[in-house]
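Below is one structure, written out as structure tokens; comments come after it.
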Amino acid sequence: MNVWIEWKYKTAKNLELTLTTEVMQAKKALLIAEDFMKTGRTKDLVFYDEQHTMWTKKEFEKLLKEVEEEPHHIEVFFDGGFDVQTKKAGAGVAIYYSRKNKDFRIRENSVLEELDNNNEAEYAAFWAGVLQLEALGVRNTSVHFKGDSQVVLNQLSGEWPCFEDEFNRWLDRIEEKLKELKIKPTYTAISRKENREADQLASQALQGVMVSSHLNRSE
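For the sequence shown, the tail end lands on 218 under numbering that gives the first Met the number 0, and the numbers increase by one without skipping.
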């Protein structure tokens with residue numbers, strides 16, 4: 000969870016200023032806020048998240064305790080592969096997240112049929128990742144999606160237009176589900192090498208090697 004702080008500061012000459020910080024992780028923001036309060040010149044200090052929701056310091060401390068119980072710091076890596084000869088697609092998803100001060104990883108793949116090309120397989124893999132988030136109970140938080148498909152990521156972010164009807168159907172389905180779950184997505188295009196885990200999962204699905212794991216990485 001990323002936030003920024005806004006507060007009023009009174010200088011030694013009684014000049015009152017309204018100041019804001021850069022966006023930072025929630026725990027770091029709370030520590031900095033506590034330092035601000037120690038000066039004795041800080042008042043009306045509040046926190047804002049990326050959705051511009053405002054909290055007082057007391058409300059924010061309560062929120063952080065609740066957040067620790069829910070999945071957070073979530074990254075979703077996705078990749079889709081398509082076999083032209085068999086007309087089958089493979090979807091691979093790797094999800095990293097934290098909960099209760101522990102780090103977890105989910106790895107899932109699946110075989111898909113009735114798709115037409117590799118780009119559609121990429122959309123299907125992204126959709127599979129979103130469904131995993133729903134099953135995990137992810138709600139009302141930010142999620143960072145990473146993949147090597149420029150088409151999917153740029154069309155989802157709105158940077159590229161989408162003219163293909165089949166892609167628009169995937170876009171509508173994904174956007175509707177993200178809105179339902181109140182997930183604030185961010186998108187980053189990465190290299191195939193950086194996406195090798197999801198890529199391998201998609202390839203394994205096409206080879207008939209199915210993977211489904213949920214690992215506590217803190218143990």
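C-beta: ideal position from N, C-alpha, C; glycine also.
Source: prediction; values computed, not measured.
Measuring C-alpha to C-alpha distances from N215 to each of R104, K37, D43 identifies R104 as the nearest. Counted as a single uninterrupted DSSP element, the alpha helix (DSSP H) harbouring A134 occupies residues 117-135. The Cβ-Cβ distance between A28 and L44 does not fall below 7 Å. Its Cα nearest to that of H143, the residue H71 stands out among E133, H71, E121. Excluding the 5 residues flanking it on each side, I173 has same chain C-beta neighbours closer than 8 Å at Y122, F125, W126, V129, L155, in chain order. E163 carries a coil assignment under DSSP once its states are collapsed to helix, strand and coil. By the neighbour-count definition (other C-beta atoms within 10 Å, threshold 16), D48 is a buried residue. Contact between the segment 76-94 and the segment 191-206 is present, with at least three C-beta pairs closer than 8 Å.
Approximately 7 Å separates the beta-carbon atoms of K7 and L16; this is inside 8 Å, confirming the contact. The beta carbon of F77 lies closer than 6 Å to those of V92, A124, F125, G128, G146, A197 in the same chain, with the five residues before and after it left out. Within the segment 74-115, the runs of beta strand (DSSP E) at least 3 residues long that lie entirely inside it are, in chain order, 87-98, 101-111. Here DSSP, grouped into helix, strand and coil, assigns M0 to coil. The alpha helix (DSSP H) runs of length 4 or more contained entirely in the segment 172-209 are, from start to end of the chain, 195-205.
Under a 10 Å Cβ-count criterion, A201 is classified as buried, with 16 or more other Cβ atoms of the shown protein chains found around its own Cβ. The Cβ-Cβ distance between A134 and L114 does not fall below 7 Å.
If you check the CB distance, K192 and N139 do not come in under 7 Å. Residue pairing for G146: DSSP places it in a beta bridge opposite A188.
The bridge partners DSSP lists for T55 are V45.
About 21 Å separates the beta carbon of E58 from that of R98, a gap too long to meet the 8 Å contact definition.
D82 and L205 have their C-alpha atoms some 8 Å from each other.
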